[in-house]
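Student: Mind looking over this structure? Questions follow.
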Amino acid sequence: MAHPEEGARAALVSVSQRLHRAGWVANHDGNASVLLDDGRMIATPTAVSKSEVTPESLVTLNAEGAVIAGTRKVFSEIALHRCAYRVREDVRAVLHAHPPYATAMAVAGVGLGAPFMAEPIVSLGREIPLIPHLLPGEDDGALAEALTDADAVLLGNHGVLTVGPDLETCLLRMELVEHLAKIFTLSLPHGGPKALEVALVETLQAKHRQLFPRRLRDSDRSHVEDEAPETPLARAQDVVKDALSRFR
Ligand SMILES: [Zn+2]
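Using this note's numbering, you'd call the opening residue of the sequence shown number 355 and step up by one each time.
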């Protein structure tokens, strides 16, 4: 198995290229970081197209956010990434991009609203919050609050931020948010999405909590449901099948 740092570097390069191929970034948009066990972060460099990120171009930061290795500069949005690592103990990777459908909703100040499909609740939770526009250096309280209960956030007038235990999960979450935003948008000429029944949403949300427990660093704000399940991933398929069977 590859060394964790090498694995993180490979994942950062791979995810950067996939962001570019997906058309979720333009010019130098988007950024990604991974938190290592020793508290260091490895991040994509600023002012480089995601299609041209290489292992050599990545930057390493210490726990205070200062660059300690690499010849490039770090992006200014690293403050948002550090906010996620500060709030959530379970978050080890952060991804930010401008996928067009989700970003269109974020710039219009329109959230995804009440859940309208079952499976995304199991994967992402019932809430994908929309927070106000945040400039680098501004108070990140709204993002911190949103991340206590969400793994994906729409950044007002900006784009999408996803968090997870690894970059692959962050990318899948970004993909799901963009897919939901696309479906939401395409449903508008047909009258817009119809919200799921509240009771079903609550059942699926409980499953989500079991499968993807969140660990907040501030123990006063920990959720009772945040107990780790015994075999989380093995049960994921059953949960989704169970949810879908309700529609047959
Ligand atoms: Zn951005």
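No residue lacks a Cβ here, since even glycine has one placed at the ideal position from N, Cα and C. Owing to the predicted nature of the structure, the values given are computational and were not obtained by experimental measurement.
Please report the straight-line C-alpha distance between D444 and H487, rounded to a whole angstrom.
Tutor: Rounded to whole angstroms, D444 to H487 spans 25 Å at the Cα level.
Student: Taking 6 Å as the cut-off, is the beta-carbon of G495 closer than that to any non-hydrogen atom of ligand 1?
Tutor: Result no, Cβ not under 6 Å from ligand 1.
Student: Kindly indicate the opening and closing residues of the alpha helix (DSSP H) around V379.
Tutor: Unbroken run through V379: none, as it is neither H nor E.
Student: Where does H452 land, buried or exposed, given buried means 16+ other C-beta within 10 angstroms?
Tutor: Looking at its Cβ environment, which holds 16 or more other Cβ atoms inside 10 Å, H452 is buried.
Student: What does the Cβ neighbour count give for L521, buried or exposed, with the cut at 16 atoms within 10 Å?
Tutor: Burial call: buried.
Student: For the beta strand (DSSP E) containing I482, list its first residue and its last residue.
Tutor: First-last for I482: undefined, no H or E at that position.
Student: Quick test of your reading: L501 and V517, contact by CB under 8 Å. State the CB separation rounded to the nearest angstrom.
Tutor: Sure, about 6 Å apart at Cβ, within 8 Å.
Student: Out of curiosity, what's the CA-to-CA distance linking R372 and S403?
Tutor: So the two alpha carbons sit approximately 12 Å from each other.
Student: If I measure Cβ to Cβ from T400 and keep anything under 8 Å in the same chain, skipping five residues before and after, which residues do I get?
Tutor: If we look at T400 and ignore the five residues flanking it on each side, its Cβ neighbours are H382, N385, R426, K427, V428, F429 and S430.
Student: Hey, is the segment 461-479 in contact with the segment 525-543, meaning 3+ C-beta pairs nearer than 8 Å?
Tutor: Result yes; three or more Cβ-Cβ pairs closer than 8 Å.
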